[in-house]
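Below is one structure, written out as structure tokens; comments come after it.
Chains as they are written, first to last, in this note's numbering: chain W, 1 to 368; chain Y, 369 to 714.
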């Protein structure tokens, strides 16, 4: 059994870390690239959302590398994600790939892992493994994920101050590789601390007053730097301090109900969206609206809303955000991502947006 | 003067109008329906609607705009789910909120949630809450609710008899006898899609009339027995959790299997989330039934009438020629499918 899975942001690091500790065999599809997207666009239905196209591309590439079992998340929500498995199975079958599908019929992380644990194909592996092995593997993967997120978060804080452009990004990529290659917890910690030290030592101009911008939206495109055309880095290099609202770890913690005491948790965002959305719509819709209100209250200058083209829940959020933007006076910039989105197009729009924010801030300073 | 409640002629108006109208009228409230969709109305809607949405929502924005100044209350129920374990569409859930964000000076909205996802029997509670908005007593509301359900079931039962929904709605509204206009010919076309695309004659460029003029009897998903739909959808490995989507898939699978139709047309609107998947499922099943011709049409606000007519005529021609040849063609049906995969050999 060679298991594969579609990418979502840096989730592969979590899974790779876990599997490494278990000694199972997996096929990790190559990271999202133009090739995966092209494959996805070629075979996917016409106006399905961008994540579907990328995931389909991932799976095709993984099958070409010899995978035969797919782990796919599912859901009962109103969003299309829950039914991804159905058309994907049809498309891949028509392409001639024979695969075994493990569809985790739940958005709940623990339940999903449990389902995997009792699956008849996985049970063969399980004989050799004890419960403790599983727990340790999970812990190792989780720590790796947290390390990656920590350095990413830190790089977002450093990037607007860097004097030589792309310094931060270079060190970040090196650091990610180092963390990916770490074999045990000790190496992991060493690698992480090394990267953070390197990031601190980047030549910086601390006199700058960067704009503060929050990024929210549909989880896949927020997490995946290929899908969102590296918008964080682009904004950072334009001199903005970016805060990303969704991380892989916070997403899992939210579903486990463990984010009660976190400051910017999804739970709080959903509460903040109450006046605008009177009903939980599902996916990140309510959270997106709530985050806009929360960050506006915190004094952020701008809000970037990412969504794939034809995304249903985020579209509702987009409609409601116009009102939030009016009420709180926070400019909202909605980016719809699809296979035709181009780097330069986005860059031009971002430059205009950042200009607008600068002007707005200057006006505020004059008035006060 | 009686209170006026406005119902937009969009989205699930085509399914639930008898229920709503009877309910409000029994409470002594006047119901105002927005005019038929026109080019002007759609244009007005586009001014307010976010541009990335599907055509159906854009049209609904237009209808709300049309009603806004004429009524005391705007009835935009939050339709979460009307069946156990299903949703309708996320856009339906957020629709009242979107309207509230997009328009200023709205009349008070009645946005009671209809959520039968967990308990299928509690349709009365949302109805009761609607009645309480007008300060009616429990008994009055219950009476109205019972009468509304009666009308609804009468409406549904006449749907199953193979009469087209707009005709039933018309005869129901005008209190006139039904005059079914479906031709009795032996050419039978199934037209599947969301009801607000199938029955809005402006959005779909009057496709039903065009088909009838070409001599075809039209069958829509509502005419298929719910039990048959359930049987078909139970065979799908994963649950299709959009109730309209489930109906479309189940009905088209059943019709394809029963071989009682000569052609199947799937009507989708541009930007519709569920449609993008349903098309894939239906096209795949249609490929297994090469004797039934399959056509997929996508509607948007720019759809040219001539293009649709040409495609429909070609479609009907194909079916007729195939019938004349008197043999079940294995090949011809495939030409019509917009099928990318078959061209690629792996």
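Note that beta-carbon positions come from the ideal geometry of N, C-alpha and C, so glycine has one too.
{"Item": "Short CB-CB distance (under 8 Å) between residue 349/W and chain Y", "Value": "no"}
{"Item": "Residue-chain proximity (residue 459/Y, chain W), Cβ-Cβ < 8 Å", "Value": "yes"}
{"Item": "Cβ of residue 548/Y within 8 Å of any chain W Cβ", "Value": "no"}
{"Item": "Status (buried if at least 16 other CB within 10 Å, exposed otherwise) for residue 465/Y", "Value": "buried"}
{"Item": "Best match in 147/W, 99/W, 162/W and 275/W for proximity to residue 209/W [C-alpha to C-alpha]", "Value": "162/W"}
{"Item": "Interface positions of the region 213-240 of chain W facing chain Y (Cβ-Cβ less than 9 Å), listed along the chain", "Value": "none"}
{"Item": "Three-state secondary structure assigned by DSSP to residue 143/W", "Value": "helix"}
{"Item": "Assumed close pair residue 23/W, residue 140/W - CB separation to whole angstroms, cut-off 8 Å", "Value": "Actually they do not touch by this definition, with Cβ atoms about 12 Å apart."}
{"Item": "Endpoints, the beta strand (DSSP E) within which residue 208/W is located", "Value": "Taken as a continuous stretch (DSSP letters only), residue 208/W belongs to no beta strand (DSSP E), as it is neither H nor E."}
{"Item": "Any chain W beta carbon closer than 8 Å to residue 701/Y", "Value": "Its pLDDT being 47, under 50, residue 701/Y is placed unreliably in this model, and the coordinates cannot settle the point."}
{"Item": "Cutoff 6 Å; reference residue 103/W; Cβ partners in own chain excluding five residues on either side", "Value": "72, 74 and 85"}
{"Item": "Listed by chain order, chain Y residues near residue 282/W by CB distance under 7 Å", "Value": "458"}
{"Item": "Which of helix, strand or coil DSSP assigns to residue 529/Y", "Value": "coil"}
{"Item": "Delimiting residues of the beta strand (DSSP E) encompassing residue 321/Y", "Value": "Outside the shown range of chain Y (369 to 714) lies residue 321/Y, about which nothing can therefore be said."}
{"Item": "8 Å Cβ cutoff met for residue 170/W and residue 350/W", "Value": "no"}
{"Item": "Cβ separation of residue 229/W and residue 341/W, assumed to be a contact under 8 Å, to the nearest whole Å", "Value": "6 Å"}
{"Item": "Anticipated Cβ contact below 8 Å, residue 615/Y with residue 90/W, distance rounded", "Value": "That belief does not hold up - the Cβ atoms of residue 615/Y and residue 90/W are roughly 20 Å apart, past 8 Å."}
{"Item": "Nearest candidate by alpha-carbon position, reference residue 15/W, set 101/W, 145/W and 41/W", "Value": "145/W"}
{"Item": "Limits of the unbroken beta strand (DSSP E) element including residue 398/Y", "Value": "398-401"}
{"Item": "Other residues of its chain near residue 315/W: CB distance less than 8 Å, five sequence neighbours each side excluded", "Value": "307"}
{"Item": "Chain Y contacts from the region 262-281 of chain W (Cβ-Cβ distance under 7 Å)", "Value": "276, 277, 278, 279 and 281"}
{"Item": "Rounded separation between residue 540/Y and residue 403/Y - CA only", "Value": "17 Å"}
{"Item": "N- and C-terminal bounds of the beta strand (DSSP E) containing residue 243/W", "Value": "240-244"}
{"Item": "Cβ neighbours of residue 523/Y in the same chain (closer than 6 Å, five flanking residues each side left out)", "Value": "386"}
{"Item": "Beta-carbon spacing of residue 147/W, residue 192/W below 8 Å", "Value": "yes"}
{"Item": "Same chain only: Cβ atoms within 6 Å of residue 673/Y, ignoring 5 sequence neighbours per side", "Value": "573"}
{"Item": "Opening and closing residue of the beta strand (DSSP E) in which residue 662/Y lies", "Value": "661-667"}
{"Item": "Residue 396/W, buried or exposed, once every other Cβ within 10 Å from all chains shown has been counted against 16", "Value": "Lying outside 1 to 368, the shown extent of chain W, residue 396/W is not represented and no answer is given."}
{"Item": "Identity of the residues DSSP links to residue 303/W by a beta bridge", "Value": "214/W and 332/W"}
{"Item": "Three CB pairs or more closer than 8 Å across the region 498-505 of chain Y and the region 347-361 of chain W", "Value": "no"}
{"Item": "Cα-Cα separation between residue 357/W and residue 601/Y, rounded to whole angstroms", "Value": "51 Å"}
{"Item": "The region 503-517 of chain Y / the region 386-402 of chain Y touching (three or more Cβ pairs under 8 Å)", "Value": "yes"}
{"Item": "Residue(s) in a DSSP beta bridge with residue 381/W", "Value": "No information on residue 381/W is available, as it lies outside the stretch 1 to 368 that chain W covers here."}
{"Item": "The beta strand (DSSP E) enclosing residue 36/W, as first and last residue numbers", "Value": "Note, residue 36/W: premise wrong, no beta strand (DSSP E); alpha helix (DSSP H) at 34-43."}
{"Item": "Neighbour list for residue 46/W in chain Y, Cβ cutoff strictly below 9 Å", "Value": "644, 647, 666 and 706"}
{"Item": "Cβ neighbours of residue 416/Y in the same chain (closer than 7 Å, five flanking residues each side left out)", "Value": "429, 433, 470 and 471"}
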